[in-house]
Structures are given as structure tokens and as C-alpha cells.
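Structure first, then comments.
Residue numbers (the working numbering), protein chains in the order written: chain S, 972 to 1270; chain R, 134 to 1050.
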């Protein structure tokens, strides 16, 4: 295939990506469905589309808001129709585009990237069902909204492309009250993460750090003489006795995770660790509840 | 199986000392690491500070690599099994060869050994003595020879047909001692024939005293000899003996005639460890008398050949018996004759008439007095032709002689008889006198213990004296005989039973009767001569069992000399005239034949194990270890994942791959070969015509069909290949559909095969177009020669009922709409099979006409017509008549290929008419 021809290459990539969509979307929808039971409205009147309550007409209410039919039932009262407040806040998602996510220690496990894509898309489905606007952190375009949001999110994710330079979350700001979800393995300098989180938190955003790990990264099940190869930098490291350094690795891994937790705690964010050999529903639920809690907390 | 192991370059083995070094080196070098992708690299970087201790190579891998190195070193050192040991000897070399018939079977081993010895001796420049053990006419002096001579000896010295005479050589061994060098330092090689002889131990001892003796003998080649068997009556019996027991062995004995024909072959079979086997060859008497040699197949040795002596040839002797004499016993004369000649003749019993009609050479009449006139004449005529009549006297003959001498006796007889030694006789029983040299019994010695007690007397006289072949001491005849014509008549003046004399129970009787049988010119040609007759050698037996022309050194021998054991002066072979040779065999029943064994001496085989280089298998194993090592290294470093199932599958493929290669021997097709002409005709559509033998007619038919084929290609979907000429007798008609048969004037009726061929052709759907080409000429009732020929043919041919073709026939509709099958001439009817005949769906199988269609169609390659067209009437009168002829031809071919498919076109004119309305 003449992959060097840009038009063909782009088209091929697009087709490839499109072919990935349905499967991924289906998977995301499936787990989203299992979570969506129990969504609530905001239980207060406000701008929205669903009926909330009738209220006696008060001074200052625009005449146009009077529900004449309801008012006609009563002899001397005027009622104003109020809808439930649905002014959705925007949720900004970020999924690590770097190559380090493209890893699965076992052929039966999904790559971390895949799991992240599925989770992000499922979250998009859930949020869009809740009428929220969903944006992609660091993207210039406006947040998506409505029924087509999952597809557009998927498109924006560029699930078939890697961007190794952006392994740390981008330093951007978001509108006040936005909620952030960062899905990554965070195998990067915690300072970069801290900076990004701090910038966002400074803008009043609340969020979740979702660390997706492979079991092998957590357990370090290697033995003997092993040469390790970095996926991003193609650096190599040779360990003569990997078995001997397993404990050291585990403690270093725990320390790294602790530093991430600390970053989250400091910003008032939530840190969620997820392993690809665990069910994705569980983490989606906890993600969603974490976001819901923030909303409660915000309002 | 494992002989001496040696190395061509042993110094390389010193490299084995470096193995511990390799061990250390391998231990120091860690195995190449496993390759793992790992994203959590930022954490690994923190660990890098920890000290890295290299992983150890597993001990078994280390061991395998050491083994690999050791194997390579061993292979490079060049290990060789059974390598010839260098000969350190420098003293003289004494080579002794048993050049006997027993060695002939495997003579090439001796030749190789001699050449090898010559090469060795030449290399170290040693004194060589070359001795042979077979007896020679003149024993050569023992003196040193050059290596060149020894090498030549491998080719020039041939096995002799004698048994080794080691005693003689032993006696001459002292000549060796004249050469000072042949002290104890000599190397003596005795290439023996493996057969024990007299004084072997002493011989070996004498040799050992003079040097370092090594004895060689055949170990693998089967050594067989053929002995004359204990000759049971009437059979050619032989005994085959083999030197050593050993495993089962099958072979055959072949009997050859004088002219080399194979007369008979008898299989023999040695059971395991069996040394003797008896073989019988059954031959009819006539063939048996032609026998020259009997030899063991594939056994090139004089010991495996028996020469047939002409003296062993057998005559067919007729014994005239009367009916009541059947079941004869000791009282019957015939019994004694039979006993005497049983080894040398075959017998036929019956009445005189039937015996005369058979091809007997000798007839015995025991005490027959009078013969009937016709019998006597027949018998006399037979004797004239060459038969030998042997008569015995007896009471009947004596009685008959009372009146007058019976016919067919050599001498006049006196009546009655003469008895000796009885109570009332004066004479004592008589002994035999010496035989006269002129008589057939010349040379025989009369024994002392044969007494004659009675005899029939002959009339004394000159004739009697002349014709007396054997006489008693008193001069009276015992046997009288006379040559008559080519044959002879002999009369024993005594009975064939021991009543009158002891002769029938003496050995002399046998010899006398044998000699008499040889008188017959009807019987086998046989050699027999006096004691001092000499026989020149005719063919001599070589050591390897061939018959060769004698050289001048062999002198003529007497029969007595011929009966002795063979010696250089009496070489085995055939002596005497080629037709009746006397045989002197290399092997007699008494020839000793036992394996050579010398106490305290190990006997080496000629066939040494060939040196085997062990380097290739070692390298192979090393290579395989290298492959395994590579695979293991890949597995250990994680670059090759080991899955047992896949590995097993790969291994199975490797193991089975050679078995899956296609076998060259595939099954042969059972169907008979198809005639290539028929095969080609079956593959392409062709029109065919019958060859008449008249070139003009055949050419026109070929041209006509070729043009029609072109028109078919141009106009229709039928695209025939060039037409085929058919020979009705031989060609397969089943591959053709359209057969054009021009009838030549005076054509002969085809053979039955051809007619059957044509009938089959018509029955199975072919269209036969018979064209007499006489349309114009056959006017009225007149018949043309072609018409007559056709009538003759049709009289033989099974032709369906015919009907004139009309305008509604399918032939007029099958492609073009026609009103007639236009040819060059269009006067008379064209006949087709009547529609109701029912075969082939009513499609006509024959068209008979005289319109010369081929002539109408024929055109050369430029399209120029070969024959002018006559006037023709087509449906469309503006069309060229020749086009009408093509249309008729195309319609015929269409009918031949499509049958009645277009018969509904018959209605087309009506349909067209209706459409028009």
C-alpha cells in the first residue's frame, strides 16, 4: 500500500479509525448502560426543558412565562411554569496520547490505551445522556453536546494516533466550574502532572486523575536477565537480575503512585487507580460518582 | 563391529585441553538478555542505581556448548574406524598364494591382496618372495622377485584346477633359507584358499619359524563344490558340499549340453548349518546323452563343475519279453541284463514289434529260438540300420538249433548243447580265454572265477573262428558276433541266467554288455577304446571353472591315466573326440574338503572392514547441537516463545517430510493405449471419408470434404478440422460422425471387420453418405460398375429400409431450406433411411445417392472448383448451383451432428406463409 501518498494515507487511517469506532463505541455503551441507572436531575428549577413546577406569578416575572392554561384553572391566580434547571457544566476529558499506553503484558488483556479510550468514551456517553457538555482538554474546539457527543469525542481522541510529546497533561485553563478527567498511566514526571493540575485547580476546576496500569507494571513479574525497552524514547535498560530488583521496583512504583495521590489530594481532586485486568464498569462507576460528588459539592 | 579407532590428525585433540577455558569463558559471558517492552520506564530508571549482577548461563546449556566444542574438536581430528595400520616391517616379504580352484571363487580378493602387498613392499623396498601352492608341472625356483613382478602376478597368476599341494612347497621351503635375510624378520603372508590339506600344521609351523606369519582365508564368500553323487540308478545325482556351515543358502545347479545349451536347472537349498545337499537332475535320455557339464550357478570354480563323461552315456535297450515272463525274477535272463546295465542304460520292455518301433539301439533276445518270418525281417532290417542284437542261448535256442540254425545268429549252431563238469561229463567247467584284440572285448581281463558249465556249440570252421569274440580256454566260442550292415549281432552261447555259467553274475558281464551296446550306431556316440589308446586333450577346465583350449604342455592320456586324480600332467577337462569326450574332473567323490584350521593361528579375512571416517556424523551432531543451542538462546532471551504444540508440529513436519515426497513409482494405467489418430479425432470435430484406394477418387473426396469443412466454418457453428481418411478395417469409427464413402467402380466388398465397423458406426449415430457418382450414367434399368459394386456391398451390409428423400425430410430443413440435395448431377433419387425404422430417434444413418457431392464441393485452396457443376435446380433459382451443393452438404453435416433437432423446421414454410398473412 502506498502509505507515503498523504491522501491515501489519511484516508486509510480514517477508515481504520472508523472501523475501530463501532466496536469501541459498543463496548463503551455497554458499560455506560450498566452505570446510567440512577442518574438524577438537579432537583431545582432553572433553565431546562423538563417541567419542574408551577409557581405563583410574582413581581418581576416576565409575562411570557405565565402558564395561561394552568392559570385558567384557578380563579384569581396566575401561575408561572418552571422547568428543572439543567444548565449543564462542561466536563473536560484528557486521555494520554503517548505511546506508553500502547502496552499489554498479556495477549488476553487490552492495552492501556484501549481501556482508556473505552472509559473516556463511556464517560462521554454517560455525561451526554445527562446533558452535559463534554470537551477535550487542550483541544481548541467547542465542547460537544447531545446525542452525537460520543462519536465526536471518539473522533477527537484520534484513537489510532500516538503523540509521544504529550505524555504529561497539557497546561491549559478551562472555564470555571469545569470538571476534569485525566486518564493516563502517569508514567511521567509527577511535577508535570502537578503543574497541570495546579493550573486547572487554580481555575476552579475539579477533577479526577485516573491512572490506568497494566498488571505487569504493578507486579513486575520478571526474572533473570532482561533488557527493558521504553516505548516512547526507545531507551534500553538491562537488568542482570530482575528478580532481585522486583521489591525495589514495587516500592518505587508505590512511591510514584503516592506522589500522584498527593497531587490529587492537594488540589482537592480524586485519584483513581485502575488495572487493565479489572472490570471497566467498576472504574466507570467510581469515575462517574466522583464527578457527581463534585457537582453536589459545587452546588 | 568396532575396529581400531585412529585419528588422521591427532594433534588437534590437544585442543580438548582448552575445554576448561571455554567453560570459564562461557560462564563469564552472560546469555543475551530477554527483550521486554516496558512503559513504566521512569520507575526503572530510579532502580538503575542498584548493582547489576549478570545472570548465569544455565549449567545444562553450558554443558551442551562444551559438548559441542568437544565434538567439533574430535571431528577435526579426523577419527577413522578400521584405518589401515601402517606396516612397520622392513624385513623380506614372503607372499604365498593358494592358486587352487577353491580360491577361484573369490580370486579378486587375492589379486587385491597381491597388489597391496606389492605396493607395501615397493614402498619400503623389501625383498619379496612369491610362492604358489598349486601343483605345477615344473616347480619354479624360490628366489626374490621385484615388486613389479608381484604386481603383475596379480593379473598373470590364475587359479589352477588343482588342490593345493602344500607338502611340496614345504619340502622346497628350505630354499628360502639360502637368502640370509629371511631369518625370523621375514613377514610371511599366506593367502590361503581356506581348504584344509595334508600337513597344514607342519606347513604353518615351518612358515612361522621363518618369520611373522599371517594367514588369510575367505570368510564371506560361500565356497561350494559339486561332487558326483552316490549314483542312484537312472538319475543324474550330485552332492553339493559347502566348506562351512553358515546361514541358509539357495542356489541352482545348471546342466549344459555340449553346444552350451542349458538343459536343466535344479534348485538346491542349504538349511542353516547344513554342509551337504543332494541334487538330482531329471533329464530325458536323449538330452542326457548330450550333457557336457553340470555346474553350480554363479560359482566360478573348477570345484563347482562336473564334466560328463561320454562313457556315462546311456543306451536305450529293448528287452523282448513274452507276456508270461512279466514280473521276472532271478530265473529270468532279462533280470540279469537289466542288473548289469542299469547304471549305463535305460530299458524298454515289450513285444518285439513295439520295441522295433521305438528308438532303441540294442535289443536283447533271451533264449529265443524261432522268430516269425516278418519279425525276423524287421529285426534284420533294424540291425542293418545300426542296431545291435544281443542274443542269449538257452534250452529253447538249443532245441531250435536241433533242426536248423535259427535266423539272425552270427554263426552256424550245432543242435543241443554241451555240458561240462556234470556227474556224467568228462570235461571240467571251462574258464574264459583271453579276448582277441579284434573283438569288441579287447582289453578286458578275463577273470579266473568265471566258470562255464554249459554252452551251445557253433559249427566249427573258419567263419566261426573269425566271428568268435570271446572263447573258452578250450577254444569253443562263448560269444560270437558279426557285423551286419551298420549294426551287429552278438550271441552269448550261454544263458543270461547263472544256470549255465557264472558269467551273468560277474563284473565282466557288465563290461561285455556295455561294449556291445556301444557297437550300435543308433545309440549315443560313445568313447571306448583299448587300454593303450591315447586321448588328446580337447578342452581343459580352468581353475575358475571355464573350459579352455589346451596348451601344448598337456599330452594325450590313456583311459587309465584319465581315471586317476588330476595333476599338472593330467589336467581336468575333456579328452578325446569332441562328440564323445572322456572327462577328467577336478573334484571326485573322494576329494577332501574341509575348512583350513591351523592350531594356534588366527586366520584373517580378506575383506577387511573398510575405513570409516567418523568426522561427518560428528559434525552432523555438532551442527544439530548448534541449532538447538540457537533455538534455546532465542527462547531464553524471550525472542522465541516456546509453545510445545507448535514445536511438536514443526518436529513432525521435519520428520515426516521425507516420507511425503512423491513416490516415483506410480500406478500404471490399466486402459489400453488409445490410437493417437483416434485420440486427435475425438478432440476435434472432423469429417471423414473412406479411402477407396483409387488416388483420384480419394483426392477428390479429401478436397471436397476440405472445402465443405471450410464452408462449414464460414457459415455455421461447426468448425471441423481437416478431413480424415478412413481405413474401414483398422480405424476406430466411433470418433467420427460424418463418413463420406465414394464407391469406386469394381470396388471390392469390404472385409467382415470393416462391415461390422460400418454397421456399428451407423447404429451408434453416425451418418454414412454413400456416393456412387454415377447419377447421370445410371439411366433406366442400366447399372453402372459403381452401382454393381454398391449392390455387392449392400448385400453384405445390414442396411435399414430405405426411402427416397422428399422435400419434407429433415435433410432439407436442418440448416438451409432446400428442395433437393444438390450434387454435380441431379437426375436420380437420393435414398435415406425410412423414417419409421425407429433407431437413432428416426434420424437417418445413411444417405445413398449418385450425385458426386464431393466433386461438387471440391475446390482448391484458392477456391477454384475442381469439377464443373451440372445443371441444378435450387429452391431459389438465382443461386449458383455450387452454392446449392454446399447447402446440401451443410444440411447433411447438420443432420449428422444435430439429428432431428431441426425437424420442426419442416413446418417453417407454412408458418412463414401464415405470418405473411
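Yeah, the Cβ is synthetic: ideal placement off N, Cα and C, and Gly gets one too.
With a threshold of 8 angstroms between beta carbons, residue 161/R makes no contact with chain S. Under the Cβ criterion of 8 angstroms, residue 166/R is counted among the residues facing chain S. Taking C-beta atoms under 8 angstroms as the contact rule, residue 206/R and residue 146/R qualify, at a distance of about 7 angstroms. Minimum Cα-Cα distance from residue 937/R among the listed residues 626/R, 977/R, 148/R, 347/R corresponds to 977/R.
Rounded to the nearest angstrom, the Cβ distance from residue 235/R to residue 328/R is 4 angstroms, consistent with a contact under 8 angstroms.
Of the residues assessed, residue 896/R falls on the exposed side of the cut-off, its CB having fewer than 16 other CB atoms within 10 angstroms. The Cβ atoms of residue 371/R and residue 361/R lie closer than 8 angstroms to each other. Residue 446/R has its alpha-carbon roughly 8 angstroms from the corresponding atom of residue 478/R. Here residue 547/R has 590, 592 as same chain residues with Cβ atoms under 6 angstroms from its own Cβ, once five neighbours each way along the sequence are excluded. For the region 1184-1204 of chain S, the set of positions with a beta-carbon nearer than 7 angstroms to some beta-carbon of chain R reads 1188, 1193, 1195, 1196, 1197, 1198, 1199, 1200, 1201, 1202 in chain order. The residue among 1087/S, 1194/S, 1119/S with its C-alpha nearest the C-alpha of residue 167/R is 1194/S.
For residue 1159/S, the residues of chain R that pass the 9 angstroms Cβ criterion are 175, in the order they occur in the chain. Residue burial is scored here from C-beta neighbours: residue 287/R has at least 16 other C-beta atoms within 10 angstroms and is therefore classed as buried.
DSSP lists 401/R as the bridge partner or partners of residue 384/R.
When CB distances to chain R are screened at a threshold of 9 angstroms, not a single residue of the region 1238-1255 of chain S falls below it. For residue 1130/S, not one C-beta of chain R is nearer than 8 angstroms to its own C-beta. With respect to chain R, the C-beta atom of residue 1067/S has no partner C-beta closer than 8 angstroms. The beta-bridge partner set that DSSP reports for residue 942/R is empty. Per DSSP, the beta-bridge partners of residue 1054/S are 1022/S. Between residue 1121/S and residue 999/S, the CB-CB gap stays under 8 angstroms. For residue 852/R, there is no enclosing beta strand (DSSP E), as DSSP marks it with neither H nor E. Excluding the 5 residues flanking it on each side, residue 949/R has same chain C-beta neighbours closer than 7 angstroms at 1020, 1023, 1024, in chain order.
Sequence-distant partners of residue 988/R (beyond 5 residues in either direction) whose C-beta falls short of 8 angstroms from its own C-beta, in its chain, are 833, 837, 906, 956, 957, 999, 1000.
For residue 1180/S, the closest Cβ of chain R is not nearer than 8 angstroms.
Close CB contacts of residue 811/R within its chain, under the 6 angstroms cut and outside five residues either way in sequence, are with 865, 868 (chain order). Residue 1133/S is outside the set of residues whose beta carbon lies under 8 angstroms from a beta carbon in chain R. Of the candidates 630/R, 1040/R, 178/R, 630/R places its Cα closest to the Cα of residue 464/R. Of all C-beta pairs linking the region 533-546 of chain R to the region 467-483 of chain R, fewer than three are shorter than 8 angstroms, placing the two stretches out of contact. The shortest CA-to-CA distance from residue 1116/S to any of 1095/S, 1109/S, 1042/S is the one to 1095/S. For residue 249/R, the uninterrupted alpha helix (DSSP H) segment begins and ends at 240-257.
Assigned with DSSP and collapsed to three states, residue 1087/S falls in helix. Contacts between residue 170/R and chain S, judged by CB atoms closer than 7 angstroms, involve 1074, 1200, 1202 in chain order. One finds 172 in chain R with Cβ atoms closer than 7 angstroms to the Cβ of residue 1156/S, taken in chain order. Contacts between residue 1224/S and chain R, judged by CB atoms closer than 8 angstroms, involve 173, 176 in chain order. With contacts defined by Cβ atoms closer than 8 angstroms, residue 326/R and residue 231/R form a contacting pair.
Beta-bridge pairing by DSSP links residue 1177/S to 1150/S.
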